[in-house]
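Chemist: No gaps in the numbering here: position 127 of the sequence shown is 126 in numbering that gives the first Met the number 0, and each next residue is one more.
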Amino acid sequence: MSFAGVRSALDQYSRNAVQTGVESASPHRLIQMLMEGALGKIAAAKGNMERGNIQAKGDQIGSAISILDGLKSSLDKEKGGEIAQNLEDLYIYMERRLIEAHSHNDTAILDEVSDLLRQIKEAWDAIGDHAAASEPAA
């Protein structure tokens with residue numbers, strides 16, 4: 000099998016694995032997956048920025064912004080109240096900072112956004128750990 004054939008097979012496997020993971024994930028896990036995806040896109044953007052790969056950097060930052068927009072749209076402001084509003088404001092801030100990082104080629108801004116998102120993810124992960132610990136055994 001050629002390299003292109005192997006690459007195609009790996010890409011297909013990856014798409015199927017992600018689709019299967021999404022289909023079987025709880026709502027809590029889906030949010031974790033979005034956050035993990037955004038962190039991965041920001042890390043890839045940083046690598047592309049450092050290598051001077053402008054197109055790939057822009058693609059990765061655009062994907063990260065899209066994921067943040069998805070996180071923002073998943074917020075339930077009626078049930079979440081002030082916390083949901085604060086998260087929305089933080090997601091908007093992170094989107095704005097990603098645009099600034101792209102236009103100024105500033106890896107420090109990418110690090111700032113990653114740190115903020117990582118803190119949110121750690122809190123979200125802890126909620127899941129707490130919920131799983133309090134569920135009765137089947």
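Virtual Cβ for every residue (Gly too), placed ideally from N, Cα, C.
Here the structure is a predicted model, which means the values were calculated and not measured.
#1: Using CA coordinates, which residue listed in Gly51, Asp110, Met34 is at the minimum distance from Leu70?
#2: By a C-beta neighbour count over all protein chains shown, 10 Å radius and 16 as the cutoff for buried, is His103 buried or exposed?
#3: Following the continuous alpha helix (DSSP H) through Leu89, name the residue where it begins and the one where it ends.
#4: Does DSSP put Ala24 in a helix, a strand or coil?
#5: Judging by CA-CA distance, which residue of Lys40, Arg50, Ile119, Asn52 is the nearest neighbour of Leu86?
#6: State the start and end residues of the unbroken alpha helix (DSSP H) segment that holds Ser62.
#7: For Leu74, which residues from the same chain have a beta carbon less than 7 Å from its beta carbon, with the 5 sequence-adjacent residues on both sides left out?
Modeler: The relevant details are as follows:
#1: Met34
#2: exposed
#3: 76-103
#4: coil
#5: Ile119
#6: 53-72
#7: Ala83, Leu86, Glu87
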